[in-house]
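Q: Quick note, the sequences are listed as chains E and F, same order. Counting from 1, position 53 in the first sequence corresponds to residue 53 in the numbering used here; the numbering is continuous, with no gaps. Counting from 1, position 105 in the second sequence corresponds to residue 1105 in the numbering used here; the numbering is continuous, with no gaps. Every residue, glycine too, gets a C-beta built ideally from N, C-alpha and C. All values derive from a computational prediction rather than experimental measurement. Okay, handing you the structure first.
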Amino acid sequence: MRRVAIVGAGITKFGVREASWKDLVQEAGKAVFDDIPNLDKKDIDSLFVGAAQPERWVFQTHVAPLVAELLGINVTRAIARTEVACASGQAAIRYAWLSIATGLSDVALVLGVEKMNTKFMNVSQSSMINVGNREFDGANGFTAPPFFALAAQRHMHDYGTTKEQLAMVRVKNAEYGSYNPYAQFQKKVTVEKVLESRMVAPPLTLFDCSAITDGAAALILASEEKARQLTDTPVWILGGVQHVDAAHTTNQMGDLSEWVALRKAAKDLYSMVGIEAKDIDIAEVHDCFTISEIIEYEELGFCRKGEGGKFIEEGESYIGGKVAVNPGGGLLSNGHPLGATGIRQAWEVVMQFRGEVPKERYVDGAEIAIAHNLSGMAQLHHLMAYSVNKPQDVKFGR
Amino acid sequence: MALRELRKLRKLELPDTVPLSPILDLWDQQEPSGPDATGIYDFYRNLADGELTTTECKGCGKLLFPPVIICPYCNGNDMEWVRIPEEGELYAFTELKLGAPIIVENYAPFVIAIARFGNYPENGVQLSGMMFDVRYEDLKIGDKVKWDILEIVGPGDKARYWYYFKKV
């Protein structure tokens, strides 16, 4: 397999944007082209677009060729829109990586976008219900906040995690988000403020939840040969895996405080790329809710099972702790435009490795990063590993 | 001056109102035949008869929920409809206060729970369900609950049925 690098990265401001879906696509496109001025658009042979629900939110389908038109890309090798709900963005990176690694593509544009704030806001929110099994869980009002509230309740019940520890995740991510000019929320918060914010679904308050967000982000991926021509600061893709244990509906979820598929995915990824959890400098993880990040500490192997609450309380996930988790502010600060989030995580890794972030959230000397995207009610877990160092060999661990 | 005042423009007249989009109705797949047919129609017919049921695979004996026409474990297609035990145990619960689905937002806040019926996971099921006339503060993990039948009224005349949980 060929080595693949990210050679360009661009992002839009995330938030409640006075911008259409198409405007967001064009903004992210311009941002990534500006990031890599010596790239000739004619060199791009492939395009992958992460978009979760454009049909529901902007009533548009067949979006990949629309992006090609908006950005002036002539695709000659591979084009697709990728959809795995909240992880549609990382999926787009994955297929671009594979297309280049196998030799089909040389240079691919990867763009993730979601326009979630519309004049029909209750329709937007109701559209999260069909991420779970619409017929059997959706009909019970099972959107994302109640599901993650149940996971939080069980984690508190099974392991003694506290609401204060949940709030501490938001405090950390809000602090880093305050140094991220692209984030939806750039204000620091306190534990008290999180606990006092409006109740969404107990034990989760508004500040325990990521937001409904508009935003887009884009990357240019290239083969090793092309990467050398295009940049001096490539970010190498070491590997990536996705795990789901034949689970989509509540009955197949087992214990909600155990994310077994993530545990297995992490083990698989670390073995594939030859690292251990302790080698990871930066972890961009899917903190769609505060409880998610706590469970992720455990299942990614940063601490023992059940000790995720203690891990944040002791500051181990801050820059300077055992591993810098979400130094860009995570989903909690950036907001969560579904198709863009996975790309935003990779964008953050690129900016960190290049040292192009404010010093307050810079992880100095970082060499290895992972990105974790989850989708649905945490049934499906998506992981990728990135490095400043070129991988020895890419064999997918076989 | 606006164009419409300068020239008599051709008009495209649209209906005054557009009905609630079917994508927002969560209980639409309950037909035995026609374009909305579902192979698990017996699940809905049994609900109408007052029974919450699911499929058990006769080939491998696996109890399956949601009900399906083909067993995901052994590919067998010989299914038996079995009744889900009426009494279960509350595994987790919350109360949806903000962001309820549009079609049931009049009921918010309402409790959403997961309960386990039978011997889960070996030979039982874990179901989500709504709870009414009870508040979050009144419940605790391990409480006994029962399923009961919920009648869905409207939109339109068709009688539809679902289930919900109630505290024992």
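Starting from the C-beta of P54 of chain E, find all residues in its chain whose C-beta is less than 7 Å away, skip the five residues before and the five after it, and write them out in chain order.
A: Taking the first sequence and counting its residues from 1, the one referred to as residue 54 of chain E is at position 54. Result list for P54 of chain E: W21, Q60, T61, V63, in chain order.
Q: Residues in the same chain with beta-carbon distance under 6 Å from G306 of chain E, minus the five sequence neighbours each way, listed in chain order, please.
A: By 1-based counting over the first sequence, the position of residue 306 of chain E is 306. Within the same chain, G306 of chain E has close Cβ partners Y159.
Q: If distances are taken between C-alpha atoms only, which option among F:N1046, F:R1010, F:V1134 comes closest to F1093 of chain F?
A: Along the second sequence, read from residue 1 onward, the residue named residue 1093 of chain F stands at position 93. Measuring from the Cα of F1093 of chain F, the nearest candidate turns out to be F:V1134.
Q: The alpha helix (DSSP H) with L400 of chain E in it runs from where to where?
A: Only positions 1 to 398 of chain E appear in this structure, which leaves residue 400 of chain E out of reach.
Q: Listing by chain order, which chain E residues have their CB less than 8 Å from the CB of P1035 of chain F?
A: Indexing the second sequence from 1 puts residue 1035 of chain F at position 35. Neighbours of P1035 of chain F on chain E: none; closest Cβ ~16 Å, over 8 Å.
Q: How about T213 of chain E and H336 of chain E: are their beta carbons less than 7 Å apart?
A: Counted from its first residue, the first sequence places residue 213 of chain E at position 213. Counted from its first residue, the first sequence places residue 336 of chain E at position 336. Yes.
Q: Would you check if the distance between the CB atom of V194 of chain E and the CB atom of F207 of chain E is smaller than 7 Å?
A: What you label residue 194 of chain E is simply residue 194 of the first sequence in a count that begins at 1. What you label residue 207 of chain E is simply residue 207 of the first sequence in a count that begins at 1. Yes, they are a contact pair.
Q: Could you pull the DSSP bridge partners for F1093 of chain F from this structure?
A: As a position in the second sequence, residue 1093 of chain F is number 93, starting the count at 1. According to DSSP, which records beta bridges pairwise, F1093 of chain F is partnered with F:A1113.
Q: Would you verify that the beta carbon of M199 of chain E is, or is not, closer than 7 Å to some beta carbon of chain F?
A: As a working mapping, residue 199 of chain E is identified with position 199 in the first sequence. Chain F, which has a Cβ nearer than 7 Å to the Cβ of M199 of chain E, makes this yes.
Q: So within the stretch 41-124 of chain E, which uninterrupted beta strand (DSSP E) runs reach at least 3 residues, ignoring any that extend past its ends?
A: DSSP runs (the beta strand (DSSP E)) wholly in the stretch 41-124 of chain E: 46-50, 78-82, 107-114.
Q: Find out if the Cβ-Cβ distance for the pair M1130 of chain F, N133 of chain E is shorter than 7 Å.
A: As a working note, residue 1130 of chain F is residue 130 in the second sequence. As a working note, residue 133 of chain E is residue 133 in the first sequence. The answer is no: Cβ separation not under 7 Å.
Q: Can you tell which of E:V25, E:I100, E:E135 has its C-alpha closest to the C-alpha of P65 of chain E?
A: If you number the first sequence from 1, residue 65 of chain E lands on position 65. Taking only the C-alpha atoms, the option nearest P65 of chain E is E:V25.
Q: Name the chain F residues whose beta carbon is nearer than 7 Å to that of Q125 of chain E?
A: Here residue 125 of chain E corresponds to residue number 125 of the first sequence, with the count starting at 1. Within chain F, the residues near Q125 of chain E are G1099.
Q: Counting only C-beta atoms, is T341 of chain E closer than 7 Å to chain F at any point?
A: Reading the first sequence from its first residue, position 341 is the one you call residue 341 of chain E. False, the Cβ-Cβ gap to chain F never drops below 7 Å.
Q: Could you spell out where the beta strand (DSSP E) holding W347 of chain E opens and where it closes?
A: Here the question's residue 347 of chain E lines up with position 347 in the first sequence. Here W347 of chain E belongs to no beta strand (DSSP E); instead the alpha helix (DSSP H) covers 338-354.
Q: Taking 7 Å as the threshold (beta carbon to beta carbon), is V1111 of chain F in contact with chain E?
A: Walking along the second sequence from the start, residue 1111 of chain F turns up at place 111. Chain E, which has no Cβ nearer than 7 Å to the Cβ of V1111 of chain F, makes this no.
Q: Could you tell me which chain E residues have their CB closer than 7 Å to the CB of E1013 of chain F, listed as they occur along the chain?
A: The count along the second sequence starts at 1 and reaches residue 1013 of chain F at position 13. Those do not exist, as E1013 of chain F stays about 21 Å from chain E at its closest Cβ, beyond 7 Å.
Q: According to the neighbour-count rule (16 or more other Cβ atoms, all chains shown, within 10 Å of its Cβ), is T76 of chain E buried or exposed?
A: Counted from its first residue, the first sequence places residue 76 of chain E at position 76. Flag for T76 of chain E reads exposed.
Q: Please tell me whether I1102 of chain F has its Cβ less than 7 Å away from any Cβ of chain E.
A: For the purposes of this step, residue 1102 of chain F is identified with residue 102 of the second sequence, where counting begins at 1. It does; some Cβ of chain E falls within 7 Å.
Q: Helix, strand or coil, according to DSSP, for D1143 of chain F in the structure here?
A: Here residue 1143 of chain F refers to the residue found at position 143 when the second sequence is read from its first residue. The answer is coil: DSSP assigns D1143 of chain F none of H, G, I, E or B.
Q: If distances are taken between C-alpha atoms only, which option among F:A1113, F:D1042, F:L1150, F:L1063 comes closest to A1159 of chain F?
A: As a first step, residue 1159 of chain F must be located in the second sequence, where it is residue number 159. Checking every option, the nearest Cα to that of A1159 of chain F belongs to F:L1150.
Q: Please state whether DSSP places Y159 of chain E in a helix, a strand or coil.
A: By 1-based counting over the first sequence, the position of residue 159 of chain E is 159. Y159 of chain E falls in the helix class under three-state DSSP.
Q: Are D281 of chain E and V363 of chain E close, meaning C-beta to C-beta below 7 Å?
A: Here residue 281 of chain E refers to the residue found at position 281 when the first sequence is read from its first residue. Here residue 363 of chain E refers to the residue found at position 363 when the first sequence is read from its first residue. Yes. Within cutoff.
Q: Counting only Cβ-Cβ distances shorter than 8 Å, please list the residues of the stretch 1072-1100 of chain F near chain E, keeping chain order.
A: Correct list: P1072, Y1091, A1092, F1093, T1094, E1095, L1096, K1097, L1098, G1099, A1100.
Q: Applying the 10 Å Cβ sphere with the 16-neighbour rule, what's the burial state of L1127 of chain F?
A: Against the second sequence, residue 1127 of chain F aligns to sequence position 127. Buried, by the Cβ-count rule.
Q: Within this structure, are the beta carbons of E401 of chain E and R263 of chain E separated by less than 7 Å?
A: Because chain E in this structure spans residues 1 to 398, residue 401 of chain E falls outside the shown range and cannot be described.
Q: Give the interface partners of V974 of chain F over in chain E, defined as CB-CB distance under 7 Å, in chain order.
A: Any answer about residue 974 of chain F is impossible in this case: the structure gives chain F only from 1001 up to 1168.
Q: Answer with buried or exposed for S105 of chain E, where buried requires no fewer than 16 other C-beta atoms within 10 angstroms of its C-beta.
A: Start at 1 with the first residue of the first sequence, and residue 105 of chain E comes out as number 105. By the 10 Å Cβ count, S105 of chain E comes out buried.
Q: Does DSSP put F1027 of chain F in a helix, a strand or coil?
A: To locate residue 1027 of chain F, count along the second sequence from 1; it is residue 27. A small fix is needed here, since residue 1027 of chain F is Trp in this sequence, not Phe. Three-state result, W1027 of chain F: coil.
Q: Check whether the stretch 287-295 of chain E and the stretch 164-175 of chain E are in contact - that is, three or more C-beta pairs closer than 8 Å.
A: Yes, they touch.
Q: How many Å lie between H286 of chain E and K1146 of chain F at the Cα?
A: Taking the first residue of the first sequence as position 1, residue 286 of chain E is located at position 286. Taking the first residue of the second sequence as position 1, residue 1146 of chain F is located at position 146. The straight-line gap from Cα to Cα measures roughly 35 Å.
Q: What is the DSSP secondary structure of W259 of chain E, reduced to helix, strand or coil?
A: Residue numbering aside, residue 259 of chain E sits at position 259 when the first sequence is read from its first letter. It is coil, neither helix nor strand.
Q: Of all Cβ atoms in chain E, is any one closer than 7 Å to the Cβ of A1070 of chain F?
A: Reading the second sequence from its first residue, position 70 is the one you call residue 1070 of chain F. Note that residue 1070 of chain F is Ile in the sequence shown, not Ala. No, I1070 of chain F lies away from the interface with chain E (no Cβ there is under 7 Å from its Cβ).
Q: Determine the extent of the beta strand (DSSP E) in which L1052 of chain F is found, giving its start and end residues.
A: Counted from its first residue, the second sequence places residue 1052 of chain F at position 52. No beta strand (DSSP E) contains L1052 of chain F, which DSSP labels as neither H nor E.
Q: Which residues in the same chain as T250 of chain E place their Cβ atom closer than 7 Å to its Cβ, once the five residues preceding and following it in sequence are excluded?
A: Mapped onto the first sequence, residue 250 of chain E falls at position 250. Taken in chain order, the residues that qualify are D137.
Q: Report all residues from its chain with a CB closer than 7 Å to the CB of I73 of chain E; omit the five preceding and five following residues, and keep chain order.
A: On the first sequence, position 73 is the one that residue 73 of chain E refers to. Hits under 7 Å: K41, I44, L47, L109.
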